[in-house]
Amino acid sequence: MASTTQRAPARAPRTRRLGPSDWVGLSILILLLGVGLTWSKWLPYWDKTQTLTETSIWDGAPLFAVAGDTMSLSGAWDFTLAYVLAVWKALLVALLVAAAVDALVPRDWLLRVMNRRHPTTQSLVGATLSLPSMMCTCCAAPVAAGLRGSGVTRSAALAYWVGNPLLNPAVLIFLALVLPWQYLGTRIVVGLLITVGASALIGAWLSGRVTDAPAPEPDGPVRLGDLPRRYLRSLSRFALILVPEHLALVFVIGLVSPWLTGLYGLDAQLGALAIVVAACVGALLVIPTGGEIPIIVTLLAAGVGAGTTGALLIALPALSIPSMVMVGKAMGWKATAAMGIAVIIGSVLAGLIVVALT
Numbered sequence: 001m002a003s004t005t006q007r008a009p010a011r012a013p014r015t016r017r018l019g020p021s022d023w024v025g026l027s028i029l030i031l032l033l034g035v036g037l038t039w040s041k042w043l044p045y046w047d048k049t050q051t052l053t054e055t056s057i058w059d060g061a062p063l064f065a066v067a068g069d070t071m072s073l074s075g076a077w078d079f080t081l082a083y084v085l086a087v088w089k090a091l092l093v094a095l096l097v098a099a100a101v102d103a104l105v106p107r108d109w110l111l112r113v114m115n116r117r118h119p120t121t122q123s124l125v126g127a128t129l130s131l132p133s134m135m136c137t138c139c140a141a142p143v144a145a146g147l148r149g150s151g152v153t154r155s156a157a158l159a160y161w162v163g164n165p166l167l168n169p170a171v172l173i174f175l176a177l178v179l180p181w182q183y184l185g186t187r188i189v190v191g192l193l194i195t196v197g198a199s200a201l202i203g204a205w206l207s208g209r210v211t212d213a214p215a216p217e218p219d220g221p222v223r224l225g226d227l228p229r230r231y232l233r234s235l236s237r238f239a240l241i242l243v244p245e246h247l248a249l250v251f252v253i254g255l256v257s258p259w260l261t262g263l264y265g266l267d268a269q270l271g272a273l274a275i276v277v278a279a280c281v282g283a284l285l286v287i288p289t290g291g292e293i294p295i296i297v298t299l300l301a302a303g304v305g306a307g308t309t310g311a312l313l314i315a316l317p318a319l320s321i322p323s324m325v326m327v328g329k330a331m332g333w334k335a336t337a338a339m340g341i342a343v344i345i346g347s348v349l350a351g352l353i354v355v356a357l358t
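Numbered according to the UniProt record's numbering, the sequence shown terminates at residue 358, and the numbering increases by one at each position without gaps.
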């Protein structure tokens, strides 16, 4: 039987000066972040922002349109290909960064940076570190799992995971340029409530029930010559486990998406309950970064109400089935399920806020 004794957040067993291999590992991580994010995120988002500033029109159809109107294997395959083409750069960078965090970064240094005394402070640190990476929930999942596996507290790792899609600065700019101000304001407020508030509450709730962070491996000096082997081993583990799992789940989502995305007319049929349905369905679906914007634009043009689209504003980017499966083992299934519930509640709240402001 697992022990239920409360344990403090994992910290490095001792403070030591960083050695040459530690500095090399940190330098490689910084290089991967700088070059990888510039290539996969910052430059494409800059170009997209320039285009939206001139046109205020989102160029592109919703990803789910690729799967067709009826369930089929060919539609699921087309959906998977379209999704991979949209996220492969970010997913590649995420795997490289996750492996670097796991194999190259000194764990005692990482824990000093992220593991603070209070869950709220931990979630604030995780949310802050999520801002520059700007990944979708599935691409953030390997990094969040790597952080958790290195001993980072649950609150900080959860905040990093959901902060990437919900507080993405580029997507907030896109929202300001394409959708009414009510959507931007709601995204910021509810995004902060989930990223900081829910992450802290979940971390505090589970800290007395299960070990708050897995015990890290002994973190002594690593020989410089061992770094390539450690990194390749970690990268292989992430790639061989997470990538096939991710693609298989995306294929399943593409297969059933014609059933899940029939939101047209729900407002008239279900009334306020349509907000709850949209929140639950949206939390299951997988989209690339910013993919919620063309969906909301299309639904608004078709006459779907503010409540339903407001719920999708949070539910679609925050989580997905593949993302939750990828972090479930590292975060703990209770924490993952709790975050799923928090996102659904936050999505319903977002729908109500948009309705009230419209």
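C-beta: ideal position from N, C-alpha, C; glycine also.
Residue environment: H118 is assigned as exposed (fewer than 16 neighbouring CB atoms within 10 Å of its CB, all protein chains considered). Judged by DSSP secondary structure, M134 falls outside any alpha helix (DSSP H); it is assigned neither H nor E.
The C-beta distance from N164 to M135 rounds to 4 Å, short enough to meet the 8 Å contact threshold.
Per DSSP, reduced to three states, the secondary structure at I295 is helical.
When secondary structure is reduced to three states using DSSP, D59 falls in the coil class, being assigned neither helix nor strand. For P180, the secondary structure class from DSSP, reduced to helix, strand or coil, is coil.
Across the structure, L349 and A274 are spaced so that their CA atoms are roughly 13 Å apart. DSSP, reduced to helix, strand and coil, places S72 outside both helices and strands of the structure shown, so it counts as coil.
Bounds of the alpha helix (DSSP H) holding I275 are 273-282.
In this structure, DSSP gives G303 a state outside helix and strand, which the three-state scheme calls coil. Comparing alpha-carbon positions, the option among I295, P20, I188 lying closest to W58 turns out to be I295.
Scanning its chain for C-beta atoms nearer than 6 Å, with the 5 sequence neighbours on each side dropped, one finds around P317 the residues P165, E292, in chain order.
V87 counts as buried, since no fewer than 16 other beta carbons sit within 10 angstroms of its beta carbon. In the displayed model, H118 falls within coil according to three-state DSSP, outside both helix and strand. Take M326, set aside five residues on each side of it, and the residues of its chain with a beta-carbon closer than 8 Å to its own are C138, A141, P142, A145, L242, E245, H246, in chain order. When the Cα atoms are used, L249 and P228 turn out to be separated by approximately 31 Å.
Counting only the Cα atoms, L266 lies some 29 Å from N168. For Y45, the CB contacts under 6 Å within the same chain, skipping 5 residues up- and downstream, are A170 in chain order. With respect to the C-alpha of I30, the residue from V97, L124, S21 having the closest C-alpha is V97. Put simply, of S21, L129, A239, S74 the residue whose alpha carbon is nearest the alpha carbon of V105 is S21. Using a Cβ distance threshold of 9 Å, V281 and L270 do not count as a contacting pair. Taking the Cα positions, V343 is about 43 Å away from R223.
Here D226 is exposed, its C-beta having fewer than 16 other C-beta atoms within 10 Å.
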